[in-house]
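Using this note's numbering, you'd call the opening residue of the sequence shown number -15 and step up by one each time.
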Amino acid sequence: MEREILEELREAIVNLDVEGVKKACKEAVDAGIPAYKCVSEAVAKGLEMVGEKYERGEYFLADLVVAGEAVKEGMKILEPYMKTSGVEVLGKVVIGTVRGDMHDIGKNIAATMLGGAGFEVIDLGVDVSPEAFVEAVRKYRPHIVGMSALFTTTMIEMEKVIKALEDAGLRNKVKVIIGGAPVSREYAEKIGADAYARDAVEGVSICKSWILEGR
Ligand code: B12
-15 MEREILEELR EAIVNLDVEG VKKACKEAVD AGIPAYKCVS EAVAKGLEMV GEKYERGEYF
45 LADLVVAGEA VKEGMKILEP YMKTSGVEVL GKVVIGTVRG DMHDIGKNIA ATMLGGAGFE
105 VIDLGVDVSP EAFVEAVRKY RPHIVGMSAL FTTTMIEMEK VIKALEDAGL RNKVKVIIGG
165 APVSREYAEK IGADAYARDA VEGVSICKSW ILEGR
């Protein structure tokens, strides 16, 4: 049952079927399938397959747009189930997609799941400049800065943000975690980030461990 619904959701994304995505998400929550499982096992996989079709020239930009919209509609249904109520506030996270990059589905999932785990999340949105990250750290004094990038050409912005935080004397005040398909643990080490998360679930667990260790 669970496998079939996740499969249906993945297929609906691959087929750019917005109504099908909504229907499968509703079925998933009704069947009690955890929302994070829908995301990690169906949404992410479905979008990956859409990306592969785009690379092979089977899908065009307009198709990517529809896939993005379909997932946004599905996430509206899944999101309330990612939040847990009454949890203690763990800490503050400033999060954003780096400059030049408009991809926000993964960043939004990470933000929602961090919120659900008890973090106060300040979401700076997409196309966020290093200056805007620095400004937000000054203003909100977060424990953690989270960055997302989906382009090989925009991931270099992450290093610029870290450099800008250093120049502003703020780097040692925050932990930095990065995510997004093209980044890796090695890249995080190379640019001086504190961690890389392969998905939002791992991101939440790393952020939680930082706060709990610091207590
Ligand atoms: C949907 C999509 C779009 C949508 C975006 C909608 C939106 N609102 O985000 C639209 C249509 C707008 C789009 C536009 C473009 N796209 Co696009 N897009 C995709 C696609 C199919 C899926 C991306 C996605 O949402 N994945 C699903 C999410 C859930 O995964 P994720 O982001 O990796 O996030 C997870 C983890 O990485 C992690 N995570 C992510 N961030 C963070 C942050 C923190 C702090 C933490 C803890 C965790 C974390 O948690 C998430 C959940 O577990 C990918 C293909 C792919 N395989 O990635 C191409 C892709 C990224 N796009 C691509 C391209 C080329 C473009 C365009 C340039 C197309 C064009 N010619 O104009 C434009 C660029 C616009 C811009 N300036 O940014 C290329 C990038 C190529 C490259 N190597 O750099 C890809 C790889 C497609 C391809 N195979 O060619 N795109």
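Glycine included, every Cβ here is placed at the ideal spot set by N, Cα and C.
Just tell me which of 5, 183, 156 has its CA closest to the CA of residue 122. 156
Check each candidate in 141, 140, 162, 128 and name the one with the smallest Cα separation from residue 154. 128
Measuring alpha carbon to alpha carbon, tell me which residue in 93, 87, 88, 78 is nearest residue 104. 78
Inter-residue CB distance, residue 163 and residue 132 (contact presumed, cutoff 8 angstroms): 5 angstroms
How long is the line joining the alpha carbons of residue 216 and residue 150, rounded to whole angstroms? With the chain covering only -15 through 199, there is no way to say anything about residue 216.
Measure from the alpha carbon of residue -14 to the alpha carbon of each residue in 174, 177, -5, 17, then state which is nearest. 17
Cβ-based neighbour list, residue 37, same chain, cut-off 7 angstroms, excluding 5 preceding and 5 following: 43
What would DSSP say about residue 96, mapped onto helix, strand or coil? helix
Given 8 angstroms, three or more beta-carbon pairs between the region -4 to 4 and the region 50 to 59: yes
Please classify residue 174: is it buried, with 16 or more other beta-carbons within 10 angstroms of its beta-carbon, or exposed? exposed
According to DSSP, is residue 128 helix, strand or coil? strand
Among all the DSSP beta bridges, which residues are the ones paired with residue 163? 132
Find the nearest neighbour of residue 76 within the set 97, 65, 102, judged by alpha-carbon distance. 102
Check whether the Cβ of residue 41 sits closer than 7 angstroms to any heavy atom of the ligand B12, and report yes or no. no
So the candidates are 31, 21, 99, 40; which of them puts its Cα closest to the Cα of residue 87? 31
Is the separation between the beta-carbon of residue 10 and that of residue 61 shorter than 8 angstroms? yes
Got a sec: does the ligand B12 put a non-hydrogen atom nearer than 7 angstroms to the Cβ of residue 166? yes
Just checking residue 142 against the ligand B12 - is the residue's beta carbon closer than 7 angstroms to any of the ligand's heavy atoms? no
CA-CA distance, residue 8 and residue 29? 15 angstroms
Enumerated in chain order, which unbroken segments of the alpha helix (DSSP H) with a length of 4 residues or greater are wholly contained in the region -11 to 37? 2 to 14, 19 to 22
Give me the Cα-Cα distance between residue -9 and residue 58, rounded to the nearest whole angstrom. 14 angstroms
Please report the straight-line C-alpha distance between residue 197 and residue 142, rounded to a whole angstrom. 25 angstroms
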